[in-house]
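Residue numbers (the numbering used here), protein chains in the order written: chain A, 544 to 711; chain B, 544 to 711. All C-beta atoms in this analysis are idealised placements derived from N, C-alpha and C, irrespective of residue type, glycine included.
Protein chains: 2
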Amino acid sequence: MNQRLAAAAIEASDEDLLLEHQLCFALTVASRSVVGAYKPVLDKLGLTHPQYLVMLCLWESSPRSVRDISDALAQEPATISPLLRRLETAGYITRARAAGNERALAVGLTPSGAALRQQATAVPGTMMERLGLTRDQVGQLHQAMMDLIAATKAAAERDADARDAAGT
Amino acid sequence: MNQRLAAAAIEASDEDLLLEHQLCFALTVASRSVVGAYKPVLDKLGLTHPQYLVMLCLWESSPRSVRDISDALAQEPATISPLLRRLETAGYITRARAAGNERALAVGLTPSGAALRQQATAVPGTMMERLGLTRDQVGQLHQAMMDLIAATKAAAERDADARDAAGT
DNA sequence: CGCTAATCATTAGCACACTAACGATTGAGG
DNA sequence: CCTCAATCGTTAGTGTGCTAATGATTAGCG
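Rendered as structure tokens:
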């Protein structure tokens, strides 16, 4: 029965290849569009969107390591590293060796970076208003995205398991 | 009344700055994760995800101009241009001057590029299965993304109008 | 205690994605 | 006709984002 459903679900139709039907396409465009909608707002703070996310991260807790930040943002340390360098140049963060662990970095806030939080408090509300979204709508979309992320994670783990089994 | 609702909607709360509450964050992670989930599948076709979208575009209609493709994919021509060069190197597309308009380009499919469509027909179904999504779920998410895109477009137009008014 | 494996951050190399600036071609108005 | 503005594609420059490789440090295990 599950077999039949699965078979039915993956039955290929020519219409499935239409660009306009692709969820992945709609998703990437939505992501780029929403990030783009943040631009005029974040420009006032002198931040790009990825940099804004790093600052949110540090306003919640600091100092923290590069690995810690990269885990929180679901990105590779290699992506975060140059980003932090730019934030340091901008004068918002400090980068020092962690006490008691010379290989880890302690990424902290400068007074300027800490002060920026005050201006940033207005950003989420401004964006909801700009996009004409209610808190409920944001919450529902957020949940839908989290479910999608969980689905990709499950797929990645199945792939990893399959690789392990093959490698055995 | 609308004023009161709007005011209530944008009332800033400290919790709004929590990374975990940001729709934009969930959206970017979801986008990267889903694109990442395509990677093992598209690797078999020798395509990156953006390249896959260009091919979908051309399988629907070709030859077409760079401008036409960039409009269909909601991207800048400057982004598409080097992407097309790589697809040409891969042997999937041709780039020739358009008949009757020497400045436009006619981007077409090679036999190899046209043949690739057969293998690609399995991709959407494979991805639905990989992510454990039904057609209904995909449709609902797709609609939610389209609504979000429309909201950002409306915001961008308001910004443009405001600029025009200021420039007057 | 000492060696080996794991962890941490960075760099290099590739591919997007954007804005701005540029040369080439075309169209539209005088 | 003919100039001038608009359109087309490309390039340059900046900023992500990834994988792979590297050097430095630490931890774990004999």
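* Can you tell me the Cβ-Cβ gap for B:LEU650 and B:VAL609, rounded? I've got them flagged as a contact below 8 Å. => According to the sequence shown, residue 650 of chain B is Val rather than Leu. Contact holds; Cβ gap of about 7 Å.
* **Unbroken alpha helix (DSSP H) run spanning A:GLY579, endpoints** => 566-586
* When the cut-off is 7 Å and only beta carbons count, does B:THR571 lie next to chain A? -> B:THR571 counts as touching chain A.
* **Cross-chain neighbours of B:TYR581 in chain A, by beta carbon under 8 Å** => CYS567
* To the nearest angstrom, report how far apart B:ASN644 and B:ARG607 are at their CA atoms. => 12 Å
* Quick one: does the C-beta of B:LEU652 sit closer than 6 Å to a heavy atom of the ligand MG? -> This structure does not include the ligand MG; it has no bound ligands of any sort.
* Asked: For B:ALA580, which residues of its own chain have a beta-carbon under 8 Å away from its beta-carbon, when the five flanking residues on both sides are left out?
  -> If we look at B:ALA580 and ignore the five residues flanking it on each side, its Cβ neighbours are MET670, ARG673 and LEU674.
* Alpha carbon to alpha carbon, how far is A:PHE568 from A:ALA698? Give it in angstroms, no decimals. => 19 Å
* Work out the CA separation of A:LEU561 and B:ARG678 for me, nearest whole Å. => 14 Å
* Asked: What is the rounded straight-line gap between the Cα of A:ARG612 and the Cα of A:ILE636?
  -> According to the sequence shown, residue 612 of chain A is Ile rather than Arg. If you take the alpha carbons of A:ILE612 and A:ILE636, they lie about 13 Å apart.
* To do: Mind listing the chain B neighbours of A:PRO625? Cutoff is C-beta to C-beta under 9 Å, in chain order.
  => None at all; the shortest Cβ gap to chain B is about 17 Å.
* Asked: A:ASP557: buried (16+ other C-beta within 10 angstroms of its C-beta) or exposed?
  -> exposed
* Asked: Which stretch, first to last residue, makes up the beta strand (DSSP E) that contains A:LEU652?
  -> 644-652
* Is the region 596-606 of chain B close to the region 655-669 of chain B, with three or more CB pairs under 8 Å? -> Yes, the region 596-606 of chain B touches the region 655-669 of chain B.
* To do: Use the C-beta contact count for A:THR695: other C-beta atoms within 10 angstroms, 16 or more gives buried, fewer gives exposed.
  => buried
* Secondary structure, beta strand (DSSP E): runs of 3+ residues fully inside the region 622-696 of chain A -> 636-641 and 644-652
* Does the beta-carbon of B:THR622 have 16 or more other beta-carbons within 10 angstroms, so that it is buried, or is it exposed? -> exposed
* To do: Could you please tell me which residues of the region 636-657 of chain B, in chain order, have their CB closer than 8 Å to any CB of chain A?
  => Look at the region 636-657 of chain B: it has no residue with a C-beta under 8 Å from a C-beta of chain A.
* To do: Step through the CB atoms of chain A and report whether any lies within less than 7 Å of the CB of B:THR622.
  => Not one chain A Cβ lies under 7 Å of B:THR622.
* Asked: Would a C-beta distance cut-off of 7 Å place A:LEU588 and A:GLN662 closer than the cut-off?
  -> yes
* **Contacting residues, own chain, Cβ-Cβ under 7 Å from B:LEU626 (five flanking each side not counted)** => PRO593, GLN594 and VAL597
* By the criterion of Cβ-Cβ separation under 7 Å, what are the contact partners of A:GLU603 in chain B? -> LEU561 and LEU562
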